[in-house]
Amino acid sequence: KHFLETAKKRDSNIGVLSAAAWICGEYCNYLEDIPLTLECLLLPQVTHLPVKVQTVYVHSVIKIYAYWTSELTSQWDAELQREFVKVTEVMYEKMDMFTHSTDLEVQERAHDVKSLFKIVLDATSNPSVEDVPLILHGLPELFFIYELNPVAPKAQSKVPIPEGLDLDAWINDPLPDLVQEADSDVSLDDSVKYEKTSKSSKKKKSKAKENHSSEDEAEKERRRIARKEARKNDPYYIISENKKHSHSAEFDKELDAIPVVELNIDEINARVDNLKKNRKSKRTKKTVPKIPVYAEEEMPEDAAQSEEEKEEKNGHKHQAVKTALYTKKSARDIFENAEELGLNSVDLSTPLGADEKFQQVKAYLSPEELRIQEEAKYRNERRELRALQKKNKESLDSKKPKKSSSKKETQDEDTGDKKKKKRKSTKKPKKQEAQEDLDAQNLAKEEFVPIDDDVRGALVDGQEEAMKHREVEILETEHVRLTSILKIEANDSPTTVIQFSIQNLDNQKMLPKLHLEFAQSFDLKLIEDNVPTNIAYATETFELQANENVECMAHFEILGNVRQGLCLRGDLFYDIEESSIIHQHAFEIPIPASLFLNSREPMDPTDFATLLAEHGDEFEHHENVSIEIPLPSDTSSIEQVLIKALNRVTATSGLVVVEVVPGAASLYGKSIQGVQIAGLLKYTLQVETEPKFATLSIDLKSTEEGLLEGLVHELCKLTYSTNQIQWLLFMRRVVHVLVAASLFSSPFTTSFVKRRDTIENGSPGYVCYADMYNNLGNDWNRTYLPTEPQQIHTSLLDDSKFLRVQFATLAQVDQSVLIYWPKNDGIHPSRKTTVYGHDWVFVDGGAAKRELYLHNIRTNMLKPDTKFYYQVGAKNSDTIKWSNTYEFHSASLKKDFSFIATGDVGACNSVAAFHMMEYGKTHKYDFVTIAGDQAYDMSDFDGAKGDEYLNFMQELFANVPYLGSVGNHESAYNFTHYKNRFNIVPYSESKFDNPLMYSINYKSLHLVSFSTEIYFEGSDDEIKTGINWLEADLTEANKHRHERPWIIVMTHHPMYCSIASSDCTTNAEKIRNGPGFNSQSGGGIEDILLKHKVDIYMSGHVHNYERTYPVAHGNLTSTSYHNAPSFFQLVIGNAGQPEGPSQFDENNIPEFSAFRYSGYGFSTFKVTPTAMHIVHRKAEGNGAMGSVVDYFTVTKDRHKKCND
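Right, here's the structure in full:
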């Protein structure tokens, strides 16, 4: 998967995946993890590979799958059948990405494989069939019944014909008429004999006439009758209706008169060979490639010898034949290309010689090296051009009338004759003559002089002064025009200064109250204190008279690195005289990356070359922009056009010109944050044909990816204009991203910038910057407008009869709205269900007392087994700001269901989050549980980190309902962040007074969320309240055990674990046995769980995965998970967070610890009334999905009612 993400990088060897996939398919019996291999072969990124690689991928998928089925048949059972069908369904669906390929071979193979999957699904989808379907026994034989070896040219003649096989017999019975015609032809062939032709054409004609004249007329008549009968029944033969004037009889006579001549192929081939030998050819003989000889092949048993081999054996052609070798007729490989031909010529077994060296890696040629090359090329071009100009001038002068003496004319004639003789004696090659003619034609069209030293100086001297500020028109309404000027200041931290100009466009009415509001952002922070300015600040309220213009200013601190898409969002509010309506208009101010390159100091070319030589490896991010620029018809102004183009490039990008050589210029820039960029601009001219144009190719390399992407984005938007011509810039915007090396490699890395890579990133009290795990490819961390819905998440009530949706806004709104409708009605249905919610303001407990407006909405009763679309909206007056469209589904009518389970999820280093989001999109999982500790911590930075975390997890929580528990990292301000942000869990329906504890019934499961934080943050009364609620809830659940046989208690702290920490000793004991009240023991939960026969105790807190056997009071009670005598525990706190994984104490592993895994991952549960199938999947550190690390099944006999 890492290869797939780096396929577009420079020097990528992505072609190696073709060989790797072939090896996996051919030798799949050596694969250690077949499901993981299949998953890698079917990643979505595979469609970006070359088609020859995709072809091998498709073929390898079905070969590996076929071999896998042969392994599964020996252990086939009902549960394996269900899992097998699921995997096959996924592979069947993923084949669609290949069936839509633009390559026909990929399409064909994918359709064939998809058809095989369909046959397998039809045979295995019936759960009542217990035996292994026959298709699974026969599928491997399609690919592995025998080994494929190279086929020798004479192999066909050596294959013995099986006894009883008649190759001349019909496979299918032909039509009767065709049989009759065939029989007549056979009889004709037997009766007629032809002689071989001689070299004399006269003898051929005479012999043909003799043969035809001697033929029996009766036989001819019989053949005519047979053809006539065949035509009657032939639907493709149209019989003439005019029988009187029918020419069929004459046609039959002519047909019979056609002479049949036997051609001697050997004689024809001999004549062709003679013609080739006699033909004079000026072509040079091509060197015949050496034919590769493959290993000696053994012939099949009872193989017959060909006639040639018999002759060879008898000595007619050769005295002895030692071995029959197979040789390829063509030396060209099917995967051959020019690059591979060069690679194949290298003998890797031979070490480098003393005079051989590997080429040193360079960013690109230094200006000094480039100057030497270009100057040499320039001198040659000038020399050739002068010669052409002189020749062209002489040809023009010769056409002008001149007065000259007879002697001079005679001299000219003599000279002309000599020149003619010389031309006759010296014959130039055609290629050279054609090139000279082409040069002469081009010169005749236009006398274009290349850029010389003077122009080179003009490019540098005439370079435009870089823009110290950028003027941006923000918005214009009927009443107001808002513009701004952007500046950058390099203080202790980079600061963007925005000067606003606000104009009242109304000629009669004033604007009594006008003000600006800026959205909160993680990239920009408004500076309000100690701002030196002589004009009004932008946050003030203004009164604008008719046609009045006012200026104000705002300062924003840049919190992160520069990147593409950096912008400031806000709202403009104003009212109009004699009107009570308040107008609101959202605006967005893009902050260009080039604004940060404000250094205009020129760089010495020598220093530039030294920088690249010594620090070239630091310029590891590489991109290329190609821009096509139309040129004017007047070629004399092309030089000025190129100068203006270079000026425009430097002014747009903020880069400075280091040095100019013919056809190229080197560029350099350094941001106020220390990021460096080096560039090389080259141009090529196309002036021979219309339209004329120049291509600017700009190679850029940078020490940081975000700034580079921002500059490329701005360069792609360049437009140009000439004196009276508005250039139609048909810029193809060909941006080839050739990332030589990135700061990190991840399948999920997008245009987000990695700003920090330390262990503190995202830890409690530290800012969480973008990393390889939270870059989802969407704009989750963008700046939201004050009334724009964000942080959308959902939760369930019993059996998903109802769904709750909660979201937040940064400003107060009049009303929150939810609309939803069945997915089958399409994205724009005619009818939607609309419901309204209740809203409240949550005030953070920090010093800033930051306010967050929360909105909670419940659906009406949902139709079962239905997928829905939905949107939430924030209503103000007559306008509603809607969210994106999301999906959810209600509970199916089946008894089984699945859910996702994990714990300890950070906004940074959230390794498993992306995979859970992908699982959630499949609609196969009904909810997700998180066993506490989220964001690390939501209260940080006045609650801003909580906003960031919920926007990041919105991709999961908005599509899959959340059912989690509280952890110690939510304890700030008496857990107020958790209580308010997750107010959607069904705590009131569970008879508890806040979201810290609740339970829910879902089909055959009773799920309890219990807060163990009461033992560490609560009072004795709070512990008693929690214990009493748990006792009452489990008592009620046991009354309905026949309906819901499974009980899972989910919390944060474990009761049993295996790391060297107090969490596994004193803290765990406090949870099991209680802290004691008034010096008395009591208050623990283990006895309650044992009393009510709880099946699983699921926790997080410890950052790893551990499964125990059934345990009670610290003792192993069973090693079986069937009708277990006590609960067992799962620790699943390894989703990924800034603190990293927890390592096990291998010297103190308790007897009841069944399985341990210290990496990252998450679990999935599949629940039926009598079984729970639990899988824990690995999430790799590089962001890829790993293999299954633990899989087990818990079973129990069906519970009966008390009166049964």
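Numbering (the numbering used here), first residue to last: 1258 to 2461.
Quick reminder that beta carbons are idealized off the backbone N, C-alpha and C, glycines included.
### Query
Between the Cα of I1280 and the Cα atoms of N1791, I1321, F1757, which residue gives the shortest distance?
As a working mapping, residue 1280 is identified with position 23 in the sequence shown. For I1280, the nearest C-alpha among the options comes from I1321.
### Task
Using a threshold of 8 Å, state whether the C-beta atoms of Y2272 and K2327 are closer than that.
Within the sequence shown, residue 2272 is the residue found at index 1015, counting from 1. Within the sequence shown, residue 2327 is the residue found at index 1070, counting from 1. The answer is yes: Cβ separation under 8 Å.
### For K2138 and V2463, the rounded distance between their alpha carbons
This structure gives no information on residue 2463, because the portion of the chain shown stretches from 1258 to 2461.
### Message
Please report the straight-line C-alpha distance between E1289 and E1283, rounded to a whole angstrom.
### Response
As a working note, residue 1289 is residue 32 in the sequence shown. As a working note, residue 1283 is residue 26 in the sequence shown. Roughly 14 Å separates the two Cα atoms.
#### Entry: Run of the alpha helix (DSSP H) containing A2201, from where it starts to where it stops
Sequence index remark: in the sequence shown, residue 2201 carries index 944 (1-based). Per DSSP, A2201 belongs to the alpha helix (DSSP H) from 2201-2209.
### Task
Starting from the C-beta of E1971, find all residues in its chain whose C-beta is less than 8 Å away, skip the five residues before and the five after it, and write them out in chain order.
Translated into the one-based positions of the sequence shown, residue 1971 becomes position 714. So the qualifying residues of the chain are P1849, A1850, S1851, T1909, S1910.
### Among N2231, H2263, L2264, F2214, the one whose alpha carbon lies nearest that of I2241
As a working mapping, residue 2241 is identified with position 984 in the sequence shown. Checking every option, the nearest Cα to that of I2241 belongs to F2214.
### Query
What three-state label does DSSP hand A1935 in the structure shown?
Position 678 of the sequence shown holds residue 1935. Note: A1935 maps to strand in three-state DSSP.
### Residue(s) in a DSSP beta bridge with L2264
On the sequence shown, position 1007 is the one that residue 2264 refers to. According to DSSP, which records beta bridges pairwise, L2264 is partnered with I2257, I2305.
### Task
Kindly list the residues whose CB is nearer than 6 Å to the CB of V1313, restricted to its own chain and excluding five residues on each side of it in sequence; keep chain order.
The residue given as residue 1313 occupies position 56 in the sequence shown. Taken in chain order, the residues that qualify are S1275, A1278, W1279.
### Query
Quick one: is S2423 buried, meaning 16 or more other Cβ sit within 10 Å of its Cβ, or exposed?
If you number the sequence shown from 1, residue 2423 lands on position 1166. For the record, residue 2423 in the displayed sequence is Lys; it is not Ser. That one is buried.
### Query
Does DSSP classify S1758 as helix, strand or coil?
On the sequence shown, residue 1758 is found 501 positions in, with the first residue counted as 1. Of the three classes helix, strand and coil, the one that applies to S1758 here is strand, per DSSP.
### Task
Just mark I1792 as buried or exposed, buried being the case when its beta carbon has 16 or more other beta carbons within 10 Å.
Taking the sequence shown and counting its residues from 1, the one referred to as residue 1792 is at position 535. Classification of I1792: exposed, given that the 10 Å Cβ count is below 16.
### Message
Quick check on this structure: which residue in A1935, S1836, I2345 has the alpha carbon closest to the alpha carbon of T1867?
### Response
On the sequence shown, residue 1867 is found 610 positions in, with the first residue counted as 1. Ranking A1935, S1836, I2345 by Cα distance to T1867 puts A1935 first.
### Local Cβ density within 10 Å of D1780, reported as buried at 16 or more and exposed below that
Here residue 1780 is taken as the residue at index 523 of the sequence shown, counted from 1. The residue is buried, with at least 16 neighbouring Cβ atoms inside 10 Å.
### Message
What does the alpha-carbon distance come out to for the pair F2009 and N2032?
### Response
As a first step, residue 2009 is located in the sequence shown; it is residue number 752 there, counting from the start. As a first step, residue 2032 is located in the sequence shown; it is residue number 775 there, counting from the start. Unreliable positioning characterises F2009 in this predicted model, as indicated by a pLDDT of 28, which lies under 50. The coordinate reading is nonetheless provided below. Taking the straight line joining both Cα atoms gives about 7 Å.
### Task
Would you kindly work out how many angstroms separate the C-alpha atoms of L1903 and F2099, rounded to a whole number?
One-based indexing of the sequence shown puts residue 1903 at position 646. One-based indexing of the sequence shown puts residue 2099 at position 842. Those two C-alpha atoms are separated by around 54 Å.
### Task
Please look up how many angstroms separate the CB atoms of D2056 and Y2259, rounded, as I've assumed it's under 8 Å.
Counting from one through the sequence shown, the residue named residue 2056 turns up at place 799. Counting from one through the sequence shown, the residue named residue 2259 turns up at place 1002. Right, the Cβ-Cβ distance comes to about 6 Å (below 8 Å), so this counts as a contact.
### Own chain residues within Cβ distance below 6 Å of R2107, not counting five before or after
Locating residue 2107 in the sequence shown gives position 850, counting from the first residue. Only D2101, D2199, G2200 meet the Cβ criterion.
### Message
I need the DSSP call for L1825, collapsed to helix, strand or coil.
### Response
Sequence index remark: in the sequence shown, residue 1825 carries index 568 (1-based). In the structure shown, L1825 sits in a strand (DSSP, three-state: E or B).
### Query
Taking the continuous beta strand (DSSP E) assigned at W2078, which residues delimit it?
Here residue 2078 is taken as the residue at index 821 of the sequence shown, counted from 1. 2072-2079 is the extent of the beta strand (DSSP E) around W2078.
### Task
With DSSP as the reference, please indicate the residues paired to W2139 in a beta bridge.
By 1-based counting over the sequence shown, the position of residue 2139 is 882. Partner(s): G2130.
### Message
Tell me which residue opens and which closes the beta strand (DSSP E) that C1809 is part of.
### Response
Along the sequence shown, read from residue 1 onward, the residue named residue 1809 stands at position 552. Here the beta strand (DSSP E) through C1809 covers 1806-1815.
### Message
If I measure Cβ to Cβ from T1752 and keep anything under 6 Å in the same chain, skipping five residues before and after, which residues do I get?
### Response
As a working note, residue 1752 is residue 495 in the sequence shown. Same-chain partners within the cutoff: E1746, H1812, E1814.
### Message
The alpha helix (DSSP H) that contains T2323, what's its start and end?
### Response
Indexing the sequence shown from 1 puts residue 2323 at position 1066. From DSSP, the alpha helix (DSSP H) with T2323 extends over 2323-2330.
### Task
Give the straight-line distance between the Cα atoms of D1423 and N1429, rounded to the nearest whole angstrom.
Walking along the sequence shown from the start, residue 1423 turns up at place 166. Walking along the sequence shown from the start, residue 1429 turns up at place 172. Roughly 13 Å between the two C-alpha positions.
### Query
According to DSSP, is V1370 helix, strand or coil?
By 1-based counting over the sequence shown, the position of residue 1370 is 113. The answer is helix: DSSP assigns V1370 an H, G or I state.
### Query
Counting pairs of beta carbons, one from the segment 1823-1830 and one from the segment 1874-1887, are three or more of them closer than 8 Å?
no
### Query
What are the start and end residues of each continuous beta strand (DSSP E) run of 3 or more residues lying completely inside the segment 2333-2412, in chain order?
2353-2356, 2362-2365, 2385-2389
### Message
Considering just the uninterrupted stretch of the beta strand (DSSP E) at Q1841, what are its terminal residues?
### Response
Residue numbering aside, residue 1841 sits at position 584 when the sequence shown is read from its first letter. Run containing Q1841: 1839-1847, per the beta strand (DSSP E) assignment.
### Query
Below 8 Å between beta carbons: does that hold for E1785 and T1798?
Taking the first residue of the sequence shown as position 1, residue 1785 is located at position 528. Taking the first residue of the sequence shown as position 1, residue 1798 is located at position 541. Cβ atoms of E1785 and T1798: not closer than 8 Å.
#### Entry: Closest residue to I2353 among G2418, S2155, H2263, P2332 (Cα-Cα distance)
Here residue 2353 is taken as the residue at index 1096 of the sequence shown, counted from 1. Among G2418, S2155, H2263, P2332, the Cα nearest to that of I2353 is on H2263.
### Message
Do P2046 and V2129 have their beta-carbon atoms positioned less than 8 Å apart in this structure?
### Response
Here residue 2129 is taken as the residue at index 872 of the sequence shown, counted from 1. Here residue 2046 is taken as the residue at index 789 of the sequence shown, counted from 1. In this structure, P2046 lies closer than 8 Å to V2129 by Cβ.
### Query
Quick one, which of F1950, S1928, G1920, V1932 has its alpha-carbon nearest Y1940's?
Taking the sequence shown and counting its residues from 1, one reaches residue 1940 at position 683. The candidate whose alpha carbon is nearest that of Y1940 is G1920.
### Sufficient close CB pairs (3 or more, under 8 Å) joining the segment 2372-2380 to the segment 2338-2345
no
### Task
Output yes or no for whether 8 Å exceeds the beta carbon distance between I2157 and T2421.
Position 900 of the sequence shown holds residue 2157. Position 1164 of the sequence shown holds residue 2421. Yes, Cβ-Cβ distance for I2157 and T2421 is below 8 Å.
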